[in-house]
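Asks:
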Amino acid sequence: LAQKLSSIKQLFEGIDADILESTLDKRIPKSEKNN
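Add 26 to a position in the sequence shown, counting from 1, and you land on the number used in our numbering.
#1: Mind checking which residues open and close the alpha helix (DSSP H) that includes Leu27?
#2: At the level of alpha carbons, what is the spacing between Ala28 and Thr49?
#3: My output table needs one value for Ile54: the three-state DSSP class, helix, strand or coil.
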């Protein structure tokens, strides 16, 4: 069970990272981000 919970937690952290990245991409222009 603990193993399952930790893998679910990792999954959610990965999803959170993806969402954060995509929202940052929308807010910050690509040219600014690359600098």
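Where is the CB? At the ideal position from N, CA and C, for every residue including glycine.
Replies: Working from what's here:
#1: Run containing Leu27: none; DSSP gives neither H nor E here.
#2: 31 Å
#3: coil
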